[in-house]
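Position 26 of the sequence shown, counting from 1, maps to 208 under our numbering, and the rest follow consecutively.
Glycine residues also receive a C-beta, built at the ideal position from the N, C-alpha and C atoms.
None of the values given here were measured: they were computed from a predicted structure.
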Amino acid sequence: MSNKCISCKISLVNNKGATTFLCPNCGKYEIKRCGKCREIAAKYVCPECGFEGPN
Numbered sequence: 183m184s185n186k187c188i189s190c191k192i193s194l195v196n197n198k199g200a201t202t203f204l205c206p207n208c209g210k211y212e213i214k215r216c217g218k219c220r221e222i223a224a225k226y227v228c229p230e231c232g233f234e235g236p237n
């Protein structure tokens, strides 16, 4: 599985503020986000169920 941000595709290795969590809708796909995309609330789409976040 990739270790890149789902929004901007940057590597999450040593990325301050990065997080990983299961999709809040389906709970099947592991969403990975970098600190910057979290800070600016960049949109992401779960490839498993199509859920769009952040809400």
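Legend entry - residue 230, enclosing alpha helix (DSSP H) - first and last residue: Run containing residue 230: none; DSSP gives neither H nor E here.
Legend entry - Residue from 218, 233, 232, 236 whose Cα sits closest to the Cα of residue 186: 218
Legend entry - Distance CB(residue 228)-CB(residue 208) smaller than 9 Å: yes
Inset, instruction - Kindly identify the DSSP beta-bridge partner or partners of residue 213. - result: 203
Legend entry - Nonlocal neighbours in the same chain, by C-beta distance under 8 Å from residue 210, ignoring five residues either side: 204, 230, 231
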